[in-house]
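Inspection log for the structure reproduced underneath, given as structure tokens.
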Amino acid sequence: MSVALQNAEILLVDDELANLILLQKILNAAGYTRIRSTTEPRRVLSLLEEWEPDIILLDLQMPHLDGFAVMEQLKEKLPADTFLPILVLTADAMPRTKLRALSGGAHDFLTKPFDPAEVVQRIGNLLRTRQLHQEVQEQNKNLEQLVAKRTGELEKALRELKETQQKAIQQERLHAFGTMASGVTHDFNNALSVILGFSEVALMECEGALRRDEIEAHLRTIITAGLDATRLVTRLREFYRPNDENEPRMVVHLNELIKQAVATTRPRWHAESSGSEVPIEVETDFAMIPPISADASELRDALMNLIFNAVDAMPQGGKITLRTSYAGGRIVLQVRDTGVGMPEEVRLRCLEPFFTTKGEAGTGLGLAMVYGIIERHGGTLEIESAPGRGTTFTISFGPAVDAEDHIIAESPKPVSPLRVLVADDQRELCEVMTSYLASDCHAVTSVTDGRAALEAMRGANFDLLITDQLMPGMSGKQLAAAVKQDSPETRVILLTGVAENENPSSNGAINRVLAKPVSLIDLRHAIVEVMAGPPSE
1143 MSVALQNAEI LLVDDELANL ILLQKILNAA GYTRIRSTTE PRRVLSLLEE WEPDIILLDL
1203 QMPHLDGFAV MEQLKEKLPA DTFLPILVLT ADAMPRTKLR ALSGGAHDFL TKPFDPAEVV
1263 QRIGNLLRTR QLHQEVQEQN KNLEQLVAKR TGELEKALRE LKETQQKAIQ QERLHAFGTM
1323 ASGVTHDFNN ALSVILGFSE VALMECEGAL RRDEIEAHLR TIITAGLDAT RLVTRLREFY
1383 RPNDENEPRM VVHLNELIKQ AVATTRPRWH AESSGSEVPI EVETDFAMIP PISADASELR
1443 DALMNLIFNA VDAMPQGGKI TLRTSYAGGR IVLQVRDTGV GMPEEVRLRC LEPFFTTKGE
1503 AGTGLGLAMV YGIIERHGGT LEIESAPGRG TTFTISFGPA VDAEDHIIAE SPKPVSPLRV
1563 LVADDQRELC EVMTSYLASD CHAVTSVTDG RAALEAMRGA NFDLLITDQL MPGMSGKQLA
1623 AAVKQDSPET RVILLTGVAE NENPSSNGAI NRVLAKPVSL IDLRHAIVEV MAGPPSE
């Protein structure tokens, strides 16, 4: 606490009573009245416990306990942040004594005999220093309290901000879910309309004299619509499917892949250019680049989507340039168009699933799928665009691979006819699967629930079980586990309509997982794979 100098508490310590009386008279004359004194240096600490002085005037040469020892005791007793000034008064004027006193804790030094005016002046200086020190301590205390208060307010504001952000994220997720549901509903309804429409037409015309070529045309249209819906589901899965280290990769020469993508998309952009005053030109600029490890079909799909996107961005024609380069151990591909370009808000959102500026003409899945493929291949995707200046997609892969270190596996040989048990709670899917298997000369038994499958397994020896994942009463995984207990040699293929990227190694009873809908080709490859491998993972 700050004190007025005239109200300062002063402690005098000297073994000579005459010196104490002299000092007290000098201080009284200067206006100091709150003074205590002692001739016994061993009482200093006890006096400090009952009374807090603002300054100590201390003699050095005293019996029992000299001034140096008193300062040592004070140093140990007082808190580190305490400033209690000590003015040493001594008849020893030796420089080493003065140095020892100042280094031992004294704040000032006077030799006897002393000038009374100098004593008063030095005491005043030390008391003002103590007063300033106390003011600084008080300000620091107030500052700490203010900081604590402001910190509490900031923490509260951060908590409120976090809660607000969480609510905003939840709202955004709901909005995204609604947008996704809308897009999926639209695309699936289109595919289902074709499937149902042509199925009903074929069914009605079966009552008449429908020719074979008409039936075949209807069926091919139905199959095409079904495959379109299947590709839509596949694209949805691509958005969140993580990179799998065990996913098959092969040596891919990116330049060759670009040539394939350009040739495959040629009918589209060539047709577009035919109807425009300014034709669409596709140009390639290839550098000598090493191969990469990739899924060729996925990268080809991504390149085709980028080309189609560029075509849509050039309604009046223009040029698409695909350029490769190699620098710093990374392979870079640029796909540039001279189209209408994108404003900044569109550029920032164009990779979002179901975001499209094409209205009913687009699903908003193409660029999102491209981003998923590039990310799964360990690449990066950057977009530069501005209205009227075209768009450049820059894709970077790396590092390159040594072709000798990657061996492409040979296709497995076909298997002999098998005894197959099919379990699916949807009877129609059982019929489809039975037809697929029978076309390859397999002997097939089908049931519509897991318990019936177990009964069938106990009555016959099956080489292969094909089971749906979600069935009432007993799931496909539970059925697989039960079958493996009774028949460890039986292979199991799990069919699932849930996009969960199931890993067979996570369940030793399952040899392979197939995502619905399953094509005949996919089923054949899966059967060859599981029958060539061990019964259990």
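Under the numbering used here, the first residue of the sequence shown is numbered 1143, with each subsequent residue one higher.
Virtual Cβ for every residue (Gly too), placed ideally from N, Cα, C.
Three or more C-beta pairs under 8 Å: does that hold for the segment 1474-1485 against the segment 1524-1544?
Taking a contact to require three or more Cβ pairs closer than 8 Å, the segment 1474-1485 and the segment 1524-1544 qualify as touching.
Can you give me the C-alpha to C-alpha distance between MET1236 and LEU1288, rounded to a whole angstrom?
Spanning the two alpha carbons is a distance of roughly 50 Å.
Out of ARG1633, SER1188, ASP1208, PRO1205, which one is the CA nearest neighbour of LEU1220?
The shortest C-alpha separation from LEU1220 is found at SER1188.
Could you tell me the alpha carbon to alpha carbon distance between VAL1562 and THR1406, rounded to whole angstroms?
Their backbone Cα atoms lie some 39 Å apart in a straight line.
Just tell me which of GLY1521, VAL1482, ASN1451, ASP1427 has its CA closest to the CA of GLY1471. Minimum Cα distance to GLY1471 is reached at GLY1521.
On the criterion of 16 or more Cβ atoms from any shown chain inside 10 Å, does THR1232 qualify as buried, or is it exposed? With at least 16 other beta carbons inside 10 angstroms of its own, THR1232 counts as buried.
query = Could you give the distance in angstroms between the alpha-carbon of PHE1441 and the alpha-carbon of ALA1290?
reply = Reading the sequence as shown, one finds Leu at residue 1441 and not Phe. In this model, LEU1441 and ALA1290 are separated by some 56 Å (Cα to Cα).
- Query: So GLY1470 is in the beta strand (DSSP E); what residue range does that whole segment cover?
  - Reply: Careful: GLY1470 lies outside any beta strand (DSSP E) and carries neither H nor E.
| said: Is the separation between the beta-carbon of GLY1618 and that of GLN1611 shorter than 8 Å? | reply: The Cβ-Cβ distance between GLY1618 and GLN1611 falls below 8 Å.
| What are the start and end residues of the alpha helix (DSSP H) that includes ALA1510? | First-last of the alpha helix (DSSP H) with ALA1510: 1508-1518.
Does DSSP classify LEU1637 as helix, strand or coil?
-> Three-state result, LEU1637: strand.
Review point. If we count the other Cβ atoms within 10 Å of its Cβ and call it buried at 16 or more, is ARG1264 buried or exposed?
Key: By the neighbour-count rule (16 or more Cβ atoms within 10 Å), ARG1264 is buried.
- Query: DSSP state of HIS1328, grouped into three classes?
  - Reply: In this prediction, HIS1328 scores a pLDDT of 49, lower than 50, which makes its location untrustworthy; the coordinate-derived value is nonetheless stated afterwards. DSSP, reduced to helix, strand and coil, places HIS1328 within a helical segment of the structure shown.
Rounded separation between PRO1183 and PRO1205 - CA only:
Note on geometry: alpha-carbon atoms of PRO1183 and PRO1205 lie some 8 Å from one another.
- Cβ pair ASP1234, GLN1203 closer than 8 Å: Contact annotation: ASP1234 and GLN1203 have beta-carbon atoms nearer than 8 Å.
Three-state class that DSSP yields for ALA1657 in the structure shown: If DSSP states are grouped into helix, strand and coil, ALA1657 belongs with the strands.
By the 10 Å Cβ neighbour count, where 16 or more other Cβ atoms means buried, how is LEU1606 classified, buried or exposed? By the beta-carbon neighbour count (other beta carbons within 10 angstroms, threshold 16), LEU1606 is buried.
* Shortest alpha-carbon distance to PRO1676 belongs to which of VAL1655, LEU1665, THR1632? -> Among VAL1655, LEU1665, THR1632, the Cα nearest to that of PRO1676 belongs to THR1632.
| request: Say whether chain D places a C-beta atom closer than 8 Å to the C-beta of ASP1582. | output: Any reference to chain D falls outside this structure, which holds one protein chain only.
message = Check whether the segment 1171-1181 and the segment 1145-1163 touch, using three or more Cβ-Cβ pairs below 8 Å as the test.
response = Cβ pair count under 8 Å is three or more, so yes.
What is the DSSP secondary structure of GLY1247, counted as helix, strand or coil? The answer is coil: DSSP assigns GLY1247 none of H, G, I, E or B.
Practice problem: Go ahead and pull the three-state DSSP assignment for GLY1521. | Solution: Coil, per DSSP.
Worksheet item: Going by Cα to Cα distance, which pick from VAL1424, ILE1431, GLU1218 is closest to ALA1452?
Response: Closest in C-alpha terms to ALA1452, from the list VAL1424, ILE1431, GLU1218, comes VAL1424.
Next item on the list: Taking VAL1672 and ASN1653 to be in contact with their CB atoms under 8 Å, please state how far apart those CB atoms are, rounded to whole angstroms.
Entry: Right, the Cβ-Cβ distance comes to about 4 Å (below 8 Å), so this counts as a contact.
Review point. What is the C-beta distance between ARG1391 and ASP1437, in whole angstroms, given that I count them as a contact (C-beta under 8 Å)?
Key: Indeed they touch by this definition, with Cβ atoms about 6 Å apart.
*Between the C-alpha atoms of MET1446 and LEU1571, what's the straight-line distance to the nearest angstrom?*
Straight across, the Cα-Cα distance linking MET1446 with LEU1571 is about 33 Å.
message: I'd like to check one pair, GLY1592 with MET1616: are the Cβ atoms closer than 8 Å?
response: The beta carbons of MET1616 and GLY1592 sit closer together than 8 Å.
### Task
State buried or exposed for THR1224, treating a residue as buried only when at least 16 other CB atoms are found within 10 Å of its CB.
For THR1224, the number of other beta carbons within 10 angstroms of its own is below 16, and it is reported as exposed.
Reference ALA1594, options LEU1399, LEU1268, ASP1566, SER1581, closest by Cα: Closest by C-alpha distance to ALA1594, out of LEU1399, LEU1268, ASP1566, SER1581, is ASP1566.
| message | Which residues does DSSP list as the beta-bridge partners of LYS1461? | response | Checking the DSSP bridge columns, you'll see LYS1461 partnered with GLU1423.
Whole angstroms are fine: how far does the CA of THR1498 sit from the CA of THR1638? Those two C-alpha atoms are separated by around 30 Å.
**Residues sharing a beta bridge with GLN1476, DSSP** = GLN1476 pairs with ARG1465, THR1536.
DSSP-derived helix/strand/coil call for ASP1454
Correct three-state label for ASP1454: helix.
Exercise for the section: Give me the Cα-Cα distance between HIS1667 and PHE1539, rounded to the nearest whole angstrom. Expected result: Approximately 30 Å between the Cα atoms of the pair.
| message | On the CB-based measure, 16 or more other CB atoms within 10 Å of its CB, does ASP1257 come out buried or exposed? | response | Label assigned to ASP1257: exposed.
Item to check | Residues near HIS1395 in its chain [Cβ-Cβ closer than 6 Å; skip 5 each side] | outcome: Once the five neighbours on either side are set aside, the close Cβ partners of HIS1395 are PRO1433.
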